[in-house]
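Visitor: First, the structure itself, so that you have it in front of you.
Numbering (the working numbering), first residue to last: 1 to 109.
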């Protein structure tokens with residue numbers, strides 16, 4: 001998982017460029033170990049759904065594909081050392097046995 005931030009002006013259908021929070025952009029690559037089928041996902045945060053607290057930062061993101069319709073469909077909670085990823089129930093992964101949900105641990109530094 002690679003996490004970056006982008007200017008609100010760079011995102012499609014952005015609510016405005018004057019947002020105090022810069023949207024997160026997440027790129028995830030996952031691989032099914034049984035058949036080596038891999039899958040890439042790109043998502044951009046909807047900053048209005050960002051919640052920060054003692055447990056970490058929770059963000060709602062829009063997966064960048066035709067099925068999303070521009071609606072948030074991925075929840076990620078960033079905590080110390082890792083992230084908890086939960087796609088919307090309506091989201092279908094990209095192949096049998098390949099999905100994005102679960103705990104993603106920070107690797108190296």
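All C-beta atoms in this analysis are idealised placements derived from N, C-alpha and C, irrespective of residue type, glycine included.
(1) Between residue 47 and residue 38, what straight-line distance do the alpha-carbon atoms span, to the nearest angstrom?
(2) Along the chain, which unbroken stretches of the beta strand (DSSP E) at least 3 residues long are found entirely within the region 26-63?
(3) Using only alpha-carbon positions, find the residue among 105, 27, 80 and 36 that is nearest to residue 74.
(4) Do residue 82 and residue 131 have their beta-carbon atoms positioned less than 8 Å apart in this structure?
(5) How many Å lie between residue 25 and residue 88 at the Cα?
(6) With which residues is residue 72 paired in a DSSP beta bridge?
(7) Could you check which residue in 6, 35, 4 and 43 has the C-alpha nearest to that of residue 69?
(8) Answer with buried or exposed for residue 76, where buried requires no fewer than 16 other C-beta atoms within 10 angstroms of its C-beta.
Guide: This is what the structure holds:
(1) Taking the first residue of the chain shown as 1, we reach residue 47 at position 47. Taking the first residue of the chain shown as 1, we reach residue 38 at position 38. Distance from the CA atom of residue 47 to the CA atom of residue 38, rounded to whole angstroms, is 29 Å.
(2) 38-45, 51-53 and 56-63
(3) Residue mapping note: residue 74 aligns to position 74 of the chain shown, counting from 1. Among 105, 27, 80 and 36, the Cα nearest to that of residue 74 belongs to 27.
(4) The requested residue 131 is not part of the displayed model; the chain covers only 1 to 109.
(5) As a position in the chain shown, residue 25 is number 25, starting the count at 1. As a position in the chain shown, residue 88 is number 88, starting the count at 1. Taking the straight line joining both Cα atoms gives about 17 Å.
(6) Here residue 72 refers to the residue found at position 72 when the chain shown is read from its first residue. Answer is none; residue 72 lacks a bridge partner.
(7) Residue numbering aside, residue 69 sits at position 69 when the chain shown is read from its first letter. Taking only the C-alpha atoms, the option nearest residue 69 is 43.
(8) Reading the chain shown from its first residue, position 76 is the one you call residue 76. Buried is the call here.
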